[in-house]
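Numbering (the numbering used here), first residue to last: 2 to 319. For every residue, glycine included, the Cβ atom is placed at its ideal position computed from N, Cα and C.
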């Protein structure tokens with residue numbers, strides 16, 4: 002009997018420990034975010050294209066994947082970018098990474114490149130999990146097209162970022178990262194956009210397994226995730242957002258956000274590139290991500306527009 006009681010006590014303590022360290026404890030910063038109408042409309046157009054017009058697009062929905070590729074290339078071309086397509090084979094199918102580059106002022110041949118990327122595949126018609134990253138990337142590229150910087154800026158749309166191919170050598174971002182490493186390209190930093198659209202001002206709307214006591218209790222912030230070698234980049238982006246954007250921002254170490262090692266950002270950080278992941282923390286905030294309820298109606302476009310505009314300004318002032 003005593004043994005059973007002890008086991009119950011231990012189980013209760015374990016459950017309490019898990020619960021108390023999973024949800025955030027710290028008081029959250031109040032957010033007053035107002036969107037830019039033109040940017041919001043651009044984001045909505047892209048989201049509607051991927052979620053409603055095209056839908057699931059991956060290895061098993063190959064025709065839709067090709068439609069996505071064409072849409073992305075047409076958008077980049079209409080913006081006047083220099084476009085490059087990296088093709089690779091899996092079985093009898095061709096998969097493509099698409100990049101659009103604007104060279105720095107004066108076309109300095111020794112200039113470094115800032116790479117901003119997102120994956121465009123999705124096994125479902127999910128909004129936050131499958132379309133916010135690539136939609137933000139296209140809107141960002143459109144905003145940036147008339148800008149100048151001392152760095153080359155390259156926007157990259159990666160294939161095979163989800164499920165079956167995640168964290169494999171057939172993941173589009175892994176293929177591309179290996180290429181630019183072997184080609185010894187002069188990359189200054191890498192910024193990956195993934196799951197950017199879900200925000201909540203409700204208490205206990207944000208989870209962080211095991212690090213809850215030191216984290217905000219509301220899912221109303223943007224997370225900047227980077228590893229130790231990317232500390233300066235992480236701090237730079239975080240500080241810039243804190244000064245210029247009403248969206249609350251929190252920097253998180255890559256290893257502390259469980260699952261970050263299967264994101265596109267990991268493809269670059271493991272190859273030694275200074276890399277950050279810009280995200281709403283995905284499943285740790287939105288239980289239904291990549292499921293039926295992950296729809297456009299749940300996306301906060303005011304937040305997204307503010308985030309995209311500030312990344313554009315950061316690229317100019319880098």
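For residue 302, the first and last residue of its enclosing alpha helix (DSSP H): Residue range 302 to 318 is occupied by the alpha helix (DSSP H) that includes residue 302.
Give me the Cα-Cα distance between residue 125 and residue 162, rounded to the nearest whole angstrom. 13 Å
Straight-line Cα distance separating residue 239 from residue 312: 11 Å
Using the Cα positions of residue 198 and residue 133, report the straight-line distance between them to the nearest angstrom. Residue 198 and residue 133: Cα-Cα distance of roughly 6 Å.
Output the distance between the C-alpha atoms of residue 21 and residue 213, rounded to the nearest integer angstrom. Note that residue 21 scores a pLDDT of 48, beneath 50, so its modelled location is shaky; the value from the coordinates is reported in the next line. About 7 Å.
Kindly confirm or deny that the region 152 to 160 and the region 96 to 103 touch, where touching means at least three C-beta pairs closer than 8 Å. yes
Please classify residue 246 as buried or exposed, where buried requires at least 16 neighbouring CB atoms within 10 angstroms. buried
Close beta carbons around residue 45, own chain, < 7 Å, minus the five adjacent residues each side: 302
For residue 188 versus residue 181, is the C-beta spacing smaller than 8 Å? Contact flag set, yes.
Which one of 271, 68 and 84 has the shortest CA to CA distance from residue 169? 271
Tell me, please, which residues DSSP counts as bridged to residue 118. 157 and 193
Sorted by chain position, which residues of the same chain lie with C-beta nearer than 6 Å to residue 23's C-beta, five sequence neighbours on each side aside? Excluding residues within five positions, the ones whose Cβ falls inside 6 Å are 208, 210 and 213.
How far does the alpha helix (DSSP H) with residue 135 in it extend, from its first residue to its last? Unbroken alpha helix (DSSP H) run through residue 135: 133 to 145.
Ordered along the chain, which non-local residues of its own chain (more than five positions away) have a Cβ less than 8 Å from that of residue 283? 129, 130, 195, 196, 260 and 290
Below 8 Å CB to CB, which residues in the same chain sit around residue 149 once its five sequence neighbours on both sides are set aside? 105, 106 and 317.
Who pairs with residue 24 in a beta bridge, going by DSSP? 208
Which full runs of the alpha helix (DSSP H) of 4+ residues lie inside the region 230 to 275, going along the chain? 232 to 245 and 265 to 270
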